[in-house]
Amino acid sequence: MLELAGIIILGILAQWVAWKFKIPAILPLILIGLLVGPIAAEFLSEDGTKWIEPIWNGTKGLFPGDSLYYFVSLAISIILFEGGLTLKRSEIKNVGPVITKLITVGSAITFFGAGIVARYTFNLSWDLSFLFAGLIIVTGPTVITPILRNIPLKKDVSTVLKWEGILIDPIGALVAVLVFEFISVGGDSGFTKTALMEFGKIVLFGTTFGFTFAHALAFAINKKLIPHYLLNVVSLSTVLLVFVESELFAHESGLLAVVVMGMVLGNSKLDNIKELLYFKESLSVLLISILFILLAANIDIEDLLLLYTWDTAILFAIVVFVIRPLAVFVSTQGSKLNLNEKLFISWVGPRGIVAAGIASLFGSKLMRQGVEGAEYITPLVFMIVLGTVLLNATTARLFARLVGVFLTKSNGILIIGASKLPRLLGHYLVNNGRHVVLIDSNQNNIDKAHELGLEALNSNIYADTLSDNIELNDVGYIMAMTGNSDINAYVIEKFSKEFGENGSYRLVTSDEMNFPEKSPVEGLFSPTDDYINLMEVTRKYPAIQEIDIDDAAHYESLIEMASKDKYTIPLFIKDEEGELHIISVHQTKIEAIGKGFKLVYLGKPFDVEKVANEE
1 MLELAGIIIL GILAQWVAWK FKIPAILPLI LIGLLVGPIA AEFLSEDGTK
51 WIEPIWNGTK GLFPGDSLYY FVSLAISIIL FEGGLTLKRS EIKNVGPVIT
101 KLITVGSAIT FFGAGIVARY TFNLSWDLSF LFAGLIIVTG PTVITPILRN
151 IPLKKDVSTV LKWEGILIDP IGALVAVLVF EFISVGGDSG FTKTALMEFG
201 KIVLFGTTFG FTFAHALAFA INKKLIPHYL LNVVSLSTVL LVFVESELFA
251 HESGLLAVVV MGMVLGNSKL DNIKELLYFK ESLSVLLISI LFILLAANID
301 IEDLLLLYTW DTAILFAIVV FVIRPLAVFV STQGSKLNLN EKLFISWVGP
351 RGIVAAGIAS LFGSKLMRQG VEGAEYITPL VFMIVLGTVL LNATTARLFA
401 RLVGVFLTKS NGILIIGASK LPRLLGHYLV NNGRHVVLID SNQNNIDKAH
451 ELGLEALNSN IYADTLSDNI ELNDVGYIMA MTGNSDINAY VIEKFSKEFG
501 ENGSYRLVTS DEMNFPEKSP VEGLFSPTDD YINLMEVTRK YPAIQEIDID
551 DAAHYESLIE MASKDKYTIP LFIKDEEGEL HIISVHQTKI EAIGKGFKLV
601 YLGKPFDVEK VANEE
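The letter at position 241 of the sequence shown is residue 241 when you use full-length UniProt numbering, and the numbering goes up by one with no holes.
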């Protein structure tokens with residue numbers, strides 16, 4: 001009982017430390033696992049036993065036989081399902097081919113390259129060398145996501161790393177399984193035919209089960225066949241059912257099935273998708289915390305000492321600094337990614353829970369079978385996992401600055417609210433080269449935004465999920481534009497430091513509108529137009545207009561005319577380079593305004609002749 005409680009408590013403590021110091025949680029989790037496992041047994045325990053013994057050894061342990069690995073497999077299935085839920089088709093319109101090549105061509109380069117290096121550095125058999133290579137193909141989403149959250153990058157770069165990390169997990173697992181089966185059957189001549197059949201079965205049953213059950217669950221949710229209080233647990237049980245059923249029909253097809261299921265559900269029209277995602281995120285955090293401590297604690301000190309050699313450093317260096325860049329550069333050949341972006345993607349390739357979990361499973365099984373050299377598999381994979389996490393967690397931000405992919409100015413705009421006016425503004429801003437994300441809790445508004453090709457998220461601004469969203473890492477402006485003044489004020493208070501470093505704005509309230517002299521510093525657009533007025537103008541004149549500015553005096557006259565016309569509301573000033581500057585109630589001017597500038601406004605077109613006459 002004490003050990004089980006200790007694992008959970010230490011795991012959540014490690015998660016808090018990771019949050020506090022902005023590092024991937026896997027790093028403190030593995031260190032805690034090593035401390036309570038092999039380090040405690042060697043240096044801290046009087047009787048030479050581990051403080052936490054994951055596998056029953058006859059006198060002590062949490063899991064008898066192979067039950068630890070069954071638990072690991074089920075937990076990984078839930079983690080990958082949650083990852084699949086976050087994958088949106090709209091994210092990859094620019095980088096789809098790059099992601100496809102990374103998980104195919106890139107995986108092949110990693111597999112053969114790492115296998116050859118392992119063979120000649122540790123003198124392992126070809127079978128074990130390629131098993132090791134198959135296990136380190138994967139780049140863990142649970143590790144990449146915390147790194148990307150803290151680095152403002154172009155959306156395409158973060159999207160490539162995020163999708164690669166999730167999609168490559170079942171591929172790496174599949175390759176490792178095929179190599180493991182090859183070793184187990186002795187590599188006879190009939191294995192190639194068997195392997196191809198197994199590969200076909202895994203793909204067939206994995207995609208079929210995932211796709212079918214995803215649509216079945218979506219149908220049940222949309223038809224209200226599941227009561228609200230059972231929604232999360234029914235979804236969880238369905239994920240486990242899909243994983244187990246798929247595994248029964250084709251061994252190791254379960255991971256593919258749950259990723260496919262997550263992707264299909266994540267791109268379906270479900271009113272409860274966010275609630276489902278919140279639950280799975282919390283569950284994933286708990287499972288990851290438990291898994292890494294258990295798997296690290298399961299390693300013996302003798303296994304760690306096997307790595308105390310220069311060969312380990314050589315293997316790590318070649319995998320990270322040669323093979324990973326080679327795989328990335330070949331996979332991104334001909335893409336729109338520039339050299340600096342390719343270098344950064346090459347640098348960020350941390351391994352995660354799938355590599356560690358399957359390595360522990362296969363390594364122990366092969367050792368029980370008496371396969372020579374099998375004792376190297378688990379510690380070598382953990383060395384790659386811990387080494388890549390430590391390297392990327394400590395240097396990714398610095399390397400991003402070094403190669404010039406770090407966004408020094410975050411020009412993305414977060415618009416809170418997705419009603420007609422925010423959608424109109426978002427569409428205009430996107431057409432003028434700005435990254436815009438709309439947030440709303442009304443799914444109907446979100447759907448209409450998607451129909452316009454806008455990036456929109458159904459999210460509750462009172463939850464903490466916005467802070468964890470890597471799609472917002474280039475956001476530097478906030479525009480709170482809901483019909484609820486309390487929500488608008490809350491957004492500015494809570495998120496201005498995180499997402500509004502270049503400007504945080506909200507609509508004025510009806511009370512503030514009646515007393516323009518008391519308008520807040522963050523007041524957006526006009527001091528005499530609240531949400532109701534803006535929506536009325538949008539209803540009557542749903543268009544954003546532009547008018548050329550001749551000089552400062554001309555601009556002043558335009559602003560004066562707009563203030564007298566309730567159906568004309570200035571929004572932005574567009575400079576001669578096309579850069580948009582938000583107009584706020586206390587900032588209607590910019591320096592050096594003149595020829596080549598434009599006034600961007602909502603509503604009725606200006607009477608150009610009238611403007612000229614009034615000048």
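We put the CB at the ideal spot given by N, CA and C, even for glycine.
Please read all numbers here as calculations on a predicted model, not as lab measurements.
Nearest to phenylalanine 406 by C-alpha distance, out of His435, Ser360, Asn150, is Asn150. Counting other Cβ atoms within 10 Å of its Cβ, histidine 435 reaches 16 or more and is therefore classed as buried. Fully enclosed beta strand (DSSP E) runs of no fewer than 3 residues occupy 436-440, 455-458, 475-480 of the UniProt domain "RCK N-terminal" (413-498), in order along the chain. Distance from the CA atom of alanine 108 to the CA atom of serine 331, rounded to whole angstroms, is 11 Å.
Taking 4 residues as the shortest admissible run, the region 524-605 contains the following complete alpha helix (DSSP H) segments, listed from N- to C-terminal end: 531-540, 552-564.
A check of alpha carbon separations from serine 129 across Glu82, Thr309, Gly363 identifies Gly363 as the nearest. Setting aside the 5 residues that flank it on each side, threonine 208 has no residue in the same chain whose C-beta is closer than 7 Å to its C-beta. Between the beta-carbon of leucine 167 and that of isoleucine 76 there is about 15 Å, and that puts the pair past the 8 Å contact cut.
Secondary structure at glycine 503: strand, using DSSP grouped into helix, strand and coil. Of the residues assessed, lysine 497 falls on the exposed side of the cut-off, its CB having fewer than 16 other CB atoms within 10 angstroms. Isoleucine 137 sits in coil when the DSSP states are folded into three classes, being neither helix nor strand.
In chain order, Lys201, Phe205, Phe209 place their CB closer than 8 Å to the CB of phenylalanine 249, counting only its own chain and leaving out the 5 sequence neighbours on each side.
When DSSP states are grouped into helix, strand and coil, isoleucine 23 belongs to the coil group. As computed with DSSP, isoleucine 55 is found in a beta bridge with Phe63. In this structure the region 382-394 lies against the region 314-321, because at least three pairs of beta carbons, one per stretch, are closer than 8 Å.
Secondary structure at alanine 250: coil, using DSSP grouped into helix, strand and coil. Taking a C-beta distance under 7 Å as the contact criterion, proline 24 and valine 143 qualify as a contact pair. Between aspartate 440 and tyrosine 505, the alpha-carbon positions lie close to 17 Å from each other.
For threonine 394, the secondary structure class from DSSP, reduced to helix, strand or coil, is helix.
By a beta-carbon distance limit of 8 Å, glycine 426 contacts isoleucine 415. Their separation comes to about 6 Å.
Look at glutamine 15 here: in three-state DSSP terms it is helix.
Put simply, the backbone Cα of serine 360 is about 16 Å away from that of isoleucine 26. In the three-state reduction of the DSSP assignment, leucine 337 falls in the coil class. Here the alpha carbon of leucine 124 sits roughly 38 Å from the alpha carbon of valine 239.
Proximity of the region 228-242 to the region 161-176 falls short of the contact definition, fewer than three beta-carbon pairs being nearer than 8 Å.
Cβ-Cβ separation between glycine 113 and isoleucine 323: approximately 4 Å, consistent with a contact (criterion under 8 Å).
DSSP, read as helix, strand or coil, puts aspartate 300 in coil. In this structure, the alpha-carbon of tyrosine 69 lies about 15 Å from that of arginine 368.
The alpha-carbon of aspartate 47 is positioned some 10 Å away from that of alanine 40. The Cβ-Cβ distance between glycine 349 and threonine 139 falls below 7 Å. Note on geometry: alpha-carbon atoms of leucine 343 and proline 325 lie some 7 Å from one another.
CA-to-CA, the gap between proline 54 and serine 253 works out to about 26 Å. The DSSP-derived three-state label of lysine 154 is coil.
Contact between the region 595-603 and the region 548-559 is present, with at least three C-beta pairs closer than 8 Å.
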